[in-house]
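Notes for the one structure printed next.
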DNA sequence: GACAATAGTGTAAACGATTACATTACTATT
DNA sequence: AATAGTAATGTAATCGTTTACACTATTGTC
């Protein structure tokens, strides 16, 4: 491998000069710069980022720690983060935790050992309680899920409002017996359930049911199935994330029930399937692109100013009214 | 930051000894090992992977270079690769190229500079021709798409057979005027078109049409729309990847045509939406988990044995017969 | 022409690990 | 008791950069 020494020798200068040329750090005689550039081109030299990283005590890498990149929300986030990072010359290490606090811990440590410049992290509830005293010695931006009592930058959705709006939409369209299905792994479930309950209360109603389950398709399926086979059946199901929405959808189909005639279905997050099924599913769309980019943005702001106070950016969800919650037939 | 020196001092030994304890390299007196371990725990020491990487001239990282992680096929691959890598203590750098040869080049160089141990790469056609002389100085496994004249490990699908089988299925179910829509960015399009044409020929038929377009939903939509609004309309559309399938599906819906009554639709790759729509879409399912794991497997085999000859693993697709290609009504 | 200031470059010490080689401390053999 | 052989550890070079500091060459000022 050709190193900076080879370039220095070829150009007849010292490694320091080569380094300065690369970093564009004056003073350098134009003539010298040319000679060095020529040598670099000649030898096809590319600086070793590992060495640079060791010397600089940080690398141009960002860790992305989420539960599962296959969750469409995180897929979109992942892509947005990678794009934003790419533009700044940073690359992204992908970490899937499966909502498992141990894997979360393991990955955070790994990223530390890799000397990443920063971390974008979506923690589980368990992590928040178990690792309440965890010290983020690396700049970290939390996304999607908040962490109490932590001085950390965050990019969140206004979950309470979004859930409120989504619930009001159901009410406006005539639904009254609304069952709520919420994820139990993160802070979003409880927050969204709060907006859900608030909206019902404000309208003098109470939830048909409120349930917290693991944020997986299977759990959504089981919970929805249980609801649908009861003697008393809800007229709408409110889900707090797309895994549960998918599970509920499958259950409804299994029961051969008509959406929205017999039961309405609403949820969070844009998915391809939610747009393609008939009727399409009403959801709160999260601005994934913006979340990802903002997270990277906050990270870089903190990198350039390590001791500014933590900032929380709260974004609004966008209610996409679609067929799955159309006005109820009388 | 606490380094190996601090540990050495605390344990009253040299850094070499600490290193040996960490690497579990005899001979070490059990008593010494204990003292070192105690110091490590005491100081909460964690080895610096960057330094280790510089010294070892390679890092425990794998680069994953694909067109877009949002493509469900690559999402699944990405997750499988990450899982397999994780089990071996490796982490994954995610690179999205958008089928852009320049980004491909850029990322390959970046991964080189990062001293990654290996690369898992799904190249575009353009890359294959433009960079025909590109030398992979880092162990690389090609997935999904082959590259001619390259001594490289590959994990591919038997595209010709899969397309053949899928086409035969359409024929068996009574479809005769089958239009083919193929991606033009990679080798999979041409290969799948080959199987498509072979199957038709073997049955004394010829394609209704064969078209190569950019593998995007929009292109699939345009191409399918053009087909549907023609005076002579196909009775089935064969698509070579899930982006095109999605575009064609939207076009069919736009034209308010009945699947499969008026037109059948088949494609490649498992997607959530394809399962959820009614009728669900018939596809060739690729064993994404196996592809990802095999790729990592091959990578490690090559790492431990750098000059064995290149190996190509060809996997079979799995035809999922579903409603979108049900037996044609007379 | 002496001196200061600045521009341009080189020298060498880091960064934190690994490891070839040197060294010391034992144990066994004669 | 001397010697050889091995076990256990230490010393110091190395990986490829960056950068504080030292140094020389050039220019300007009086």
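Residue numbers (the numbering used here), protein chains in the order written: chain A, 12 to 341; chain B, 12 to 341.
Ideal placement from N, C-alpha and C gives every residue a C-beta, glycine not left out.
It should be emphasised that the depicted structure is a prediction, and the values quoted were computed from it without experimental measurement.
- By DSSP's assignment, residue 220(B) forms a beta bridge with 190(B).
- The alpha-carbon of residue 268(B) is positioned some 12 Å away from that of residue 335(B).
- Under the three-state reduction of DSSP output, residue 94(B) falls in the helix class.
- The beta carbon of residue 125(A) sits closer than 8 Å to some beta carbon of chain B.
- Secondary structure at residue 25(B): coil, using DSSP grouped into helix, strand and coil.
- Annotation: the continuous beta strand (DSSP E) that includes residue 275(B) extends over 275–279.
- Here residue 105(A) has 75, 80 and 89 as same chain residues with Cβ atoms under 8 Å from its own Cβ, once five neighbours each way along the sequence are excluded.
- Inclusion of residue 299(A) and residue 86(B) in the CB contact set at 8 Å is not warranted, their separation being larger than that value.
- Three or more Cβ pairs closer than 8 Å define a contact, and the stretch 322–340 of chain A meets that threshold against the stretch 167–182 of chain A.
- Sequence-distant Cβ neighbours of residue 139(A) in its own chain, meaning closer than 6 Å and more than five residues away, are 158.
- The Cβ of residue 23(A) sits no closer than 8 Å to any Cβ of chain B.
- The C-beta distance from residue 249(A) to residue 223(A) rounds to 13 Å, too long to meet the 8 Å contact threshold.
- Taking a contact to require three or more Cβ pairs closer than 8 Å, the stretch 43–59 of chain B and the stretch 48–64 of chain A do not qualify as touching.
- Annotated as distal: residue 324(A) and residue 96(A), with beta-carbon spacing of 8 Å or more.
- With fewer than 16 other Cβ atoms inside 10 Å of its own Cβ, residue 212(B) counts as exposed.
- Secondary structure remark: continuous beta strand (DSSP E) runs of at least 3 residues inside the stretch 122–188 of chain A, in chain order: 129–132, 151–154 and 164–168.
- Taking a cut-off of 8 Å on C-beta distances, the stretch 310–322 of chain B does not touch the stretch 253–273 of chain B, as fewer than three cross pairs fall below it.
- Of the residues assessed, residue 215(A) falls on the exposed side of the cut-off, its CB having fewer than 16 other CB atoms within 10 angstroms.
- Ranked by Cα distance from residue 231(B), the options 209(B), 242(B) and 254(B) are led by 254(B).
- A Cβ-Cβ contact shorter than 8 Å links residue 107(A) with residue 78(A).
- Residue 151(A) is positioned such that its CB atom lies no closer than 8 Å to that of residue 143(A).
- Under DSSP, residue 105(B) shares a beta bridge with 103(A) and 75(B).
- Sequence-distant partners of residue 102(B) (beyond 5 residues in either direction) whose C-beta falls short of 6 Å from its own C-beta, in its chain, are 72.
- For chain B, none of the residues of the stretch 296–309 of chain A brings a beta carbon within less than 8 Å of one of its beta carbons.
- At a cut-off of 8 Å, the C-beta of residue 62(B) has a neighbouring C-beta in chain A.
- Neighbourhood of residue 87(B) in chain A, by CB distance below 9 Å: 81, in chain order.
- Around residue 127(B), the same chain offers 70, 72, 73, 74, 104 and 149 as residues with beta carbons nearer than 7 Å, after the five sequence neighbours per side are excluded.
- Any Cβ of chain A closer than 8 Å to the Cβ of residue 337(B) would place that residue at the interface, and such an atom is absent.
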